[in-house]
Amino acid sequence: MAKKPSAADDAVKRPPLETDELRKGIRSFFHETDYDDPSGVTKKVGSYKWGVYAFYDYDGEPIYVGQTKEKLSGRVGRHMTNQRTDAVAMSVLDPFEVAEIEVWPLPQFEGVNKKHPDFRMANAALDALEHAVFTRLRRESKFGAILNEKDPPSPTVGINEPPSVRGSIVSDTIRELRSHPDTRLARRSMIVSKLAQVISEREVKMGLRRVLVTQTKRLHWLAKRRFEALGGDSKVEAGSENDDEIDRGE
């Protein structure tokens with residue numbers, strides 16, 4: 004017999020399971036993962052201020068690339084745990100699709116701020132790294148596209164990709180909840196719908212329309228893969244259509 008809700012249940016301060024597990028996964032990745040920078044110093048990867056990050060879905064497909072000069076753990080955490088970023092608020096990025104994170108810190112600029120004489124040089128290097136990572140991951144994507152609304156600025160300096168760290172941010176429990184193909188299809192369909200609604204209600208730039216094209220390609224690919232994995236056309240039922248009856252498979 005199902006447990007009846009109580010006043011204590013209503014007053015619970017702990018966040019829902021999925022939210023709680025995701026926060027734990029992000030904290031674990033950024034605060035427990037070591038990064039060996041070229042200076043020989045080992046620090047936790049989330050402590051770096053300057054760097055580039057990328058998100059991957061449950062198929063290992065790159066879906067978003069960004070940069071930060073405020074702190075990797077803080078910037079990525081806001082993407083994943085609230086609506087205060089344009090990418091999430093506009094339904095460009097769905098945090099539920101993110102299974103892995105990869106980060107490329109730039110430790111040589113740790114002490115650089117807006118008043119520092121090297122700020123412009125550091126900013127140019129950060130832009131160049133974002134462009135390099137974005138270009139490579141887009142090339143490696145099976146769709147030839149990533150969900151960024153804008154292309155990164157063209158580089159003005161040369162840069163080699165520094166060593167990166169990549170890891171999962173989802174527990175086994177969350178992976179089981181979110182990775183089922185039908186769950187992913189339903190979620191992706193919802194995001195496509197929300198994005199299309201945003202476009203229909205606002206004057207938007209072409210980048211957002213490109214995101215919609217990319218998301219519909221990703222939705223079609225996942226739906227087709229699921230359909231074919233279950234047998235495809237060979238398993239489609241035969242019979243006459245009858246609008247007056249509904250076959251519920253009973």
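Our numbering numbers the first residue of the sequence shown as 4 and each following residue consecutively. Each residue gets a CB set at the ideal place from its N, CA and C atoms; glycine is no exception.
Annotation: the continuous alpha helix (DSSP H) that includes Gly210 extends over Met209 to Ala232. Here the alpha carbon of Asp130 sits roughly 24 angstroms from the alpha carbon of Phe146. According to the DSSP assignment, Glu204 belongs to the alpha helix (DSSP H) that extends over Pro184 to Glu204. Its Cα nearest to that of Tyr56, the residue Tyr67 stands out among Tyr67, Ser50 and Lys47.
Taking every protein chain shown into account, the CB of Glu24 has 16 or more other CB atoms within 10 angstroms, so this residue is buried. About 19 angstroms separates the CB atoms of Gly170 and Thr22; that is not less than 8 angstroms, and the two are not in contact. One alpha carbon belongs to Lys46, the other to Val239, and they sit about 56 angstroms apart.
By the CB criterion at 9 angstroms, Gly69 and Ile29 fall outside the cutoff.
Taking Val214 as the centre and dropping the five residues before and after it, the same chain places the C-beta of Val95, Leu150, Glu152 and Leu198 closer than 7 angstroms to its C-beta, in chain order. Selection Ile172, Ala135, Ser50 and His223 evaluated against Gly63 yields Ile172 as nearest (Cα-Cα).
In this structure, Ile104 and Ala135 do not form a Cβ contact; the two beta carbons are roughly 18 angstroms apart against a cut-off of 8 angstroms. Here Gly69 carries a strand assignment [DSSP, helix/strand/coil]. Annotation: Arg141 to Pro19 spans about 34 angstroms, alpha carbon to alpha carbon. DSSP places Ala125 in the uninterrupted alpha helix (DSSP H) bounded by Phe122 to Glu143. Of the candidates Ala226, Lys27, Val44 and Ile194, Lys27 places its Cα closest to the Cα of Ile177. Cα atoms of Met124 and Asp175: separation of roughly 42 angstroms, rounded to the nearest angstrom.
Of the candidates Thr138, Glu100 and Leu75, Glu100 places its Cα closest to the Cα of Glu179. Gly242 and Ser76 have their alpha carbons spaced roughly 56 angstroms apart. Judged by DSSP secondary structure, Arg17 falls outside any alpha helix (DSSP H); it is assigned neither H nor E.
When beta bridges are read from the DSSP output, Phe58 appears opposite Tyr67 and Ile104. Straight-line measurement puts the Cα of Pro41 at about 44 angstroms from the Cα of Met193. The C-alpha of His223 lies about 20 angstroms from the C-alpha of Ile202. Here Gly161 carries a coil assignment [DSSP, helix/strand/coil].
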